[in-house]
Amino acid sequence: RVAQEDMTPGQMMQVMSRTAIIVGVHGALQIYGLWMPPGGILIEAVPYGIPPDLVEHYRKMCALLGHRHRFWSSPYPDPPNTIGHPDGHADRGGLGHVAPYRKRAIMKQRWVRPPKCCRHAAWMYRLFQDMRVDADAVE
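Remember, our numbering sits 181 above the position in the sequence shown when you count from 1.
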């Protein structure tokens, strides 16, 4: 187990150059897969409601580098396993800037449709949810 917050970027690159499997939540730190030896596996976890075909950054990176990519989308729609932040800032998934009827619809929505841009309210709400990951459920 590696704790990124205790390491410099250089130390992370060294560790990843000797790593066969990276498991993590979708985000910028998965870029360290660039330093993983060919044939490695990157397992990318995303919050409930994000379809696999909408998140392809690391899948493409893995294909280019000869890694295998696995995608795990949380199957749990409700707390305590999935926690949205509708009262947060819009850049972090908050919904205070949308009409109340739209806010309710976004919070009930099970799957996010492809966003037209990165500031799409439903996309941001789902992407910035907190999620509990059962490691045994990740294949």
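The beta carbon of each residue, even a glycine, is placed where N, CA and C say it ideally should be. Keep in mind that this is a model prediction, so the values were computed, not measured.
Query, Result
"DSSP on Ala226, reduced to helix/strand/coil?", "strand"
"Between Tyr306 and Ile287, how many whole angstroms is the CB-CB distance? I'm expecting something under 8 Å.", "5 Å"
"In the DSSP assignment, what are the bridge partners of Gly205?", "Glu225"
"Note down, one range per segment and in chain order, each beta strand (DSSP E) of at least 3 residues found wholly within the region 215 to 284.", "222 to 227, 249 to 254"
"Nearest-angstrom Cα distance between Gly221 and Val279?", "42 Å"
"Can you check DSSP and say which residues form a bridge with Met312?", "Thr263"
"Determine the burial state of Ser255: buried for a count of at least 16 other Cβ atoms within 10 Å of its Cβ, exposed for fewer.", "buried"
"DSSP three-state call for Lys289: helix, strand or coil?", "helix"
"Excluding five sequence neighbours on each side, which residues of the same chain lie with their C-beta closer than 7 Å to the C-beta of Gln185?", "Met193, Leu210"
"Ignore the nearest five residues each way along the sequence and tell me which others in His309's own chain have a CB closer than 7 Å to its CB.", "In the sequence under discussion, the amino acid at residue 309 is Phe, which differs from the His named in the question. Cβ neighbours of Phe309 beyond the five flanking positions: His266, Arg273, Gly274."
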